[in-house]
Amino acid sequence: MTDASMSDTSAGLSATDKVAAGLAKRRRKQTILQGLGLSAIGFAILMLFILVASLVSTGYKAFTQTHVTVEVYLDPEEISVERLPRGGFSDVLAASMLKIFPDVEGRAQIRSLTSILSNGAQFQLRDMVVRDNDLIGQTITIKVPASDPFDQLKKGLVDRETPEELRRVNNQQIAWFDALAERGEISEPLNWGLITNADSRFPELAGLKGALVGSFWALLVCFLIAFPIGIGAAIYLEEFAKRNRVSDLIEVNINNLAAVPSVVFGLLALAVFLGWFGMQRSAPLVGGLTLSLMTMPTIIIATRAALKAVPPSIREAALGVGASRQQVVFHHVLPLAMPGILTGTIIGLAQALGETAPLLLIGMNAFITSAPEWPTDAATALPTQIFIWADSPERGFVSRTSAAILVLLVFLVTMNGVAIYLRNKFERRW
Amino acid sequence: MYDVPTNMESNVEQQDIKISARKVQVYYGTNHAIKDVDCEIQDKTVTAFIGPSGCGKSTFLRCLNRMNDSIDICRIEGDITIDGQDIYDKRVDPVQLRAKVGMVFQKPNPFPKSIYDNVAYGPRIHGLAKNKADLDVIVERSLRRAAIWEEVKDRLDGPGTGLSGGQQQRLCIARAVATEPEVLLMDEPCSALDPIATSQVEELIDELRQEYSVVIVTHSMQQAARVSQKTAFFHLGHLVEYGDTGKIFTNPVDSRTESYITGRIG
Amino acid sequence: MYDVPTNMESNVEQQDIKISARKVQVYYGTNHAIKDVDCEIQDKTVTAFIGPSGCGKSTFLRCLNRMNDSIDICRIEGDITIDGQDIYDKRVDPVQLRAKVGMVFQKPNPFPKSIYDNVAYGPRIHGLAKNKADLDVIVERSLRRAAIWEEVKDRLDGPGTGLSGGQQQRLCIARAVATEPEVLLMDEPCSALDPIATSQVEELIDELRQEYSVVIVTHSMQQAARVSQKTAFFHLGHLVEYGDTGKIFTNPVDSRTESYITGRIG
Amino acid sequence: MTSYTFLLLLAVSIAGYIWNRQAAQAVRNGGERLHSLSGFHGFYSFLVAFVPVFLLLLVWIVLQGPVVDWMIMSGLPDGSLEGLSTGARQLILAEITTISNGTVFGTPDPWKVEAAERMIRLNQSGSVLLLCVVAILTILLIVFARFRVSAEFRARHGVERIVSGLMIACASLAIFVTVGIVLSLSFETYRFFEMVSVTEFLFGTNWEPQIPLREDQVAAEGAFGWLPVILGTIVIMFIALALAIPVGLMSAIYLNEFAPNWFRAGAKPILEILAGVPTVVYGFFAILVVAPAIRQFGQSIGLDVSPNTALAAGGVMGIMLIPFISSFADDALSAVPQSLRDGALGLGATRAEMMTTVLFPAAIPGIVGGVLLAVSRAIGETMIVVMAAGLIATMTINPLDSVTTVTVQIVTLLIGDTSFDNPKTLSAFALGMMLFIVTLIINVFAIRIVRKYREAYD
Amino acid sequence: AAARDEIRIVGSSTVFPYTQAVAEQFSSVTGAASPIVESTGTGGGMKIFCGGIGEGHPDITGASRAMKKSEFDLCVENGVVDITEVQIGNDGLSIAMSRSNEFDWDLTLTEVYMALAAEVPVDGQMVANPYTMWNEINPDLPEVEILAYGPPPTSGTRDAFVELAMVAGCEEIPYIHDMGSDWAEEHCARMRQDGPFVEAGENDNLIVQRLNADANAMGIFGYSFLYENLDTLKSVHVDGVEPSPETIATGDYPISRPLFFYVKNAHRGVIPNLQDFVEEYVSEEAMGPGGYLSERGLVPLQDEPRAMVQDAAMDGVSFTAE
Ligand SMILES: Nc1ncnc2c1ncn2[C@@H]1O[C@H](COP(=O)(O)OP(=O)(O)OP(=O)(O)O)[C@@H](O)[C@H]1O
Ligand SMILES: Nc1ncnc2c1ncn2[C@@H]1O[C@H](COP(=O)(O)OP(=O)(O)OP(=O)(O)O)[C@@H](O)[C@H]1O
Ligand SMILES: [Mg+2]
Ligand SMILES: [Mg+2]
Ligand SMILES: O=P([O-])([O-])[O-]
């Protein structure tokens, strides 16, 4: 009864009324979808924000470095042109510290005084003298990095309340340091060394130059190999290969390569590049080759998906005016697929930039105090450098690790910037 | 029944055979779309394909320049020769074939490029222009022939996809004639055109006929009667009747043909 | 000049005004495509838009259900009201508007889904069918009304994109009528159809007119004369003349209208 | 020297391009109709010269060192190598090389100095020879190409054939890599299965590779049942995907349809940063931020949560994978033709309905690509789990427990104390191999399913 | 082939920081190409080191335990016959906790064993370790859960811990003692797998940070890490002895081990600067008391053995495994 009457009334409703009746619900659904979407993005961005914020909060301190200004008399007795580059530079530095604190005596005391200056100070001085021999015999004022514990002290990372024996700096040293600060000899300029120095055991000297150059070379190699080969393979598979067992096999293969753990690529590189071809361990060239093996499946899969999305009518149009299949692909399909390809490239290279595991196996986690010049020189990469620093006991590396990650992210953003610009240019709806 | 222009009869002189199809069968998967079609298309002649929607006109047309190659599920049997050469022969380069046999598609499909580039594309890849000036000339002439020059001359670098439906259709015609094919296949080229534009395109067809062979699919009997010298009537995948236009429209042999042109079957 | 059916005059009685447009301007970027158009479209009436290709028919049509919203560079000024309500008002939900004002596009655009799902799409999202059986009924009826049932009834779950051009067009008509809109905008719905199919669609239009309002863009004067009660003639973005179809075709006021329908301007 | 050679090759090839192009143009200006564009004639010359000579250059560079070394060693005075092990021979070679580079320690034997001088000469003449060979060959090839210029010559076919060949080579590279991986795994895997039975490995539920590394090391018997390890991998993969797929898809949908343009232009690259954050950093994030938070939360509601939860590792991995899904899906959605959007909107679909019922299915092939990549990454991701997941294998699907993954085991077994004659190290290879096979099977099924699904749509 | 002009060093992660310091000092002072130091773990280093002689193989490997017979055999097999062993000092394995933990921890080795072993004797029977709380082992200990982060089975540190703490602690139990030391080695070496012992990977800093987050957790790592983090961490005394440079040097602290590096003598005079590098490593400024290595937590050798080591290192005395 009721059923019948119900259906009667609803049958009496016009379509417009039915639409209107359902509309509130549908609008709600849309709002929900929109809300979900926004919260999904919000979540993802929030996570990134938390990551970056936590990095910044620990890392920002590494962007400055405490320096000590000292007046040095380059005593010709200690330093002579003949004995360069060796010579008593540390003694000269000690002497100038002693001039400020004349009442310090005894070997141990003097050592604990000079430990305010970084171990690199003597080499900085030496390099100046080597560059200009005439400095010998003069008194010069130089600004040298303070050693890590004092850098920490200046930045307030050392709690002066902790019992003395638990601190790396004792009360006497703090007193000296404060005295220096009062004389205005302590400054905290921007830490360019973080980018211009190579790695070092001493946090105050350690920099990312080697890792930056290493990552640059590795990624360049990776890009030069993975991008053309990936696109070539994808075009072949998507546009030219006949659908048969062989192409299926290749397809499955490529998808499978994407799932191969990155360590296994490291193993492969170890066996092939280092073993067979006898390439150098730790070389960015090898790193780049290894990373390109990892990146290639990503680019291939992305490219294929993008090619697939180009509507067939465009292909027909081009074929119809007598373009060859390669011309169709290179003139029409590829440009339209470019946004997708670039997305794959961006993500693939981003991954390659952040990848650690395979580099560990080919020795790109080495400690090297000079930056590489060529892709065949031994080097580290940014993620392995981060890995090494994160594992270093010295306190100064805690903030430097975060800073290094931030530098890597900046590197990543710059690198992606170009690709994203291109992608936006290529993107259009048709 | 239809006004067949009187000057036409005189045109129906025996021309060389340009395209000849023997026992052509086309299957889309299991759907048998073209059944046993034999047909000879003459040079310097306009041939019209008519028939109800879905009877296989487009399909057969697309066989003539191997456009069906790009549809995975499509399978073709039988022989089609152009100038005596089997176009499905392995040695035939479909690219060259398509340069020779141009096509205007049923649904206008401009490239997502500028209007200029749309037209210039064919001449560029075929090296028809020596330099930019040459190319400009070709583009302008093609657009004029397709009766769209006036409308687009100020926006040649605007996107081809930003045109109205009829403009897109004419752009595609311009694109096809720009490469000067020997045979031009036109799949309902005037479906989105107003009467004036239609008559301009018909003029173009008539002009092309002086040198080339034109095949046109149309739903308008008037149009078929106006422009074509030969007419082929398709029905349910069969080529029911093929002959001089005048004869088909005035005195069809097959009863189905008659029913169709008098508007009784669809 | 054209045969205007005699029974038509009697139909031109004053109906309620369904859509009313005031001083509508449309710009594509800097291109001023619609200029100052005033127009009132009556309920339970078929209105034909005619005019040369590129004159702005499709553009104006798309204004009526806000389809131009989805073109970034398109800007619209002026007022359009449907049933007295301004459709560009912020409070108007374009979804409801479009459910009420259905559309058949100039280029057939079936979804890459099965034929059945193409037609069932609208009823499904609007909740017009209670159950599967209901839906089956709606789908069949819509396909029948669009005169394509016989051709596709055996392949309802085949892809809609695998149809011939004319079949796709009819599928899109079926898809549009399945949601039973109050106003149906049809942009050259018969451009790819043979005469029989065309007359079937015209019958459908006539049937729809009993309850709804239909706007049809066409290039065929004959068709306009056959199916419409009101005709609007567009030229270069202007609405040149609007009035009873009989009057426009027999006794146009504007000289441009006359030139167009006699085939002198394009 | 080699870089000069390369530059020479490049320069000559480019010259060949120009030469041929001009020749073709001349033919054309002579009134003949060319089969191929003059650009193709030029490009043909370039490819014909560059590709083979470049390959030769590569091979030469790889081989020159060993050949010179061999010549030096075989040219040493009789008896100087007698009774020496290969290592010692290598060392002598190294010493000679060092001397030839100008570093001399003490007073080396005169025959070593002599050999060093010979080495310098050989290397120099090798480089000169290479330069000559490259120059002559390249020139010959471009002359050959030049002679082929004629109106009928199908230069486009030539070019396309070469390009095709190059593309096929690119595609088959994937096969070579696979073969390489299988080869580099299979030998050790075989040895592993000689020591541990296949059934124990496949069906054992206990993974404890604590056995002695050397005969003289103190440790205990090990167990090699991989089930808990693969189970752990699967658990973590599901957790990661359960986070990444919905978040990624929702983000893509929002970005593609609802977000204003400026927002999309900004948010998409920002999300992509997530893919590039070093996995080590995610590892820290998981351990130091996420895991304690989960543990605290769990304990506050009375749950027993281990310090290394699968949830933390998987969740953080999911964050990393978000851009894989979001960016790929966004691109795929953008690629759907406008006419389909119009079609749906014209029927009165809400934008949400258009998205979910038309665009989304039409974009499925592209989206699946992204999801497949994400799945693959989730299985293969190493560093996050090495740091954040446990090392101890437990047979559990409780996300609050600690699990280990295949990759974790591989890394810990390989990095560190390794020796290749005991099942402990070898098990890493077996795990790698099994993972390879499992993903292979997954992929075969994935392709089948995707194909089936796709057939329904286009 | 271009000759290698930098020294290559692999080996133990424990020795790594010391080698790094020497390498840096060495290249700064002499201006020589910077040596390339990789941390591969002791065993991994041995494998690469023993791969052969020649440029493709490293010159030095660090080790946190002496080279084993099996490794030496591998070396010999590959032609690496002439090796010099250099002991650079000692390292203690510390068990550390956060300073925010109130209790003064002092454990015996047996208690360590009882807390962390897979199987323990209960009533004359080896059973799966039943203890989850410290006070179940010794009522004097606080009632907190046992939770220790330790090195993975792949590291030399784990080797050392098992040998020096677990097995030793095990053997002190009368029941085990009676079974003989072979039996003990076989049965006492397994760490428990049921939760209280967490294998924490190779990154010791991570363990430090986790200890700071959880006051009741213990961490097992090299003394140098404790030394750098003394302001937040404190050591657990073992058998009443606190780890410090003195107690480690004298051997009073029971869990301490020697650190070594091994030089390939065939490479001296071939690889540039190798000899000078070794000289720098064993110089007083480096490994002597108050040398820069001791500042990083290395426990220097007593004077007499140190002098012997220095001479042996410079002269390249050949080493043969026992
Ligand atoms: N998306 C667009 N972008 C830019 N300009 C456009 C766009 N769509 C149409 N136009 C221009 O607006 C004008 C009107 O186009 P419209 O599509 O309304 O014409 P029409 O009357 O439908 O013509 P036809 O009969 O050829 O379909 C034309 O000049 C056209 O080029
Ligand atoms: N891609 C395709 N896949 C499957 N079937 C197809 C495909 N294209 C066409 N068909 C079918 O083949 C038959 C012939 O189609 P064709 O396109 O040749 O018709 P037509 O004569 O051009 O019709 P119209 O005048 O409507 O364009 C039709 O039944 C159609 O449904
Ligand atoms: Mg057709
Ligand atoms: Mg239009
Ligand atoms: O790296 P290890 O010293 O633990 O072997």
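Residue numbers (this note's numbering), protein chains in the order written: chain A, 1 to 430; chain B, 1001 to 1266; chain C, 2001 to 2266; chain D, 3001 to 3458; chain E, 4001 to 4322.
Beta carbons: idealized from backbone N, C-alpha and C, even for Gly.
Burial state of residue i, where buried means 16 or more other Cβ atoms lie within 10 Å
i       : result
D132/A  : exposed
W3019/D : buried
W3226/D : buried
Beta-carbon gap between residue i and residue j smaller than 8 Å
i       : j       : result
E4038/E : Y4262/E : no
G3016/D : A259/A  : no
R4065/E : T4042/E : yes
V213/A  : L289/A  : no
A306/A  : A62/A   : no
V2037/C : A2021/C : yes
I2073/C : V2024/C : no
V3134/D : L3009/D : yes
V4010/E : I4053/E : no
Assumed close pair residue i, residue j - CB separation to whole angstroms, cut-off 8 Å
i       : j       : result
L2185/C : L2064/C : 6 Å
K2044/C : Q2015/C : 5 Å
A4200/E : G4150/E : 6 Å
A3145/D : E3032/D : Their Cβ separation, rounded to whole angstroms, is 18 Å, which puts A3145/D and E3032/D out of contact at 8 Å.
I314/A  : F1111/B : 6 Å
T2218/C : I2050/C : 6 Å
I347/A  : F3324/D : 6 Å
W389/A  : T401/A  : 5 Å
Closer than 7 Å: residue i CB and nearest ligand 3 heavy atom
i       : result
G2166/C : yes
Pairwise C-alpha distance: residue j and residue i
i       : j       : result
K425/A  : A3335/D : 14 Å
A419/A  : A233/A  : 20 Å
E239/A  : L3056/D : 30 Å
E1188/B : V252/A  : 43 Å
E105/A  : Y73/A   : 20 Å
N3123/D : L3140/D : 25 Å
Residue i: CB within 7 Å of a non-hydrogen atom of ligand 4
i       : result
K2057/C : yes
Check: residue i C-beta below 7 Å from any heavy atom of ligand 1
i       : result
I2216/C : no
A2033/C : yes
Residue i beta carbon near ligand 5 (any heavy atom closer than 7 Å)
i       : result
T4014/E : yes
Residue i Cβ short of 7 Å to ligand 2 heavy atom set
i       : result
L3137/D : no
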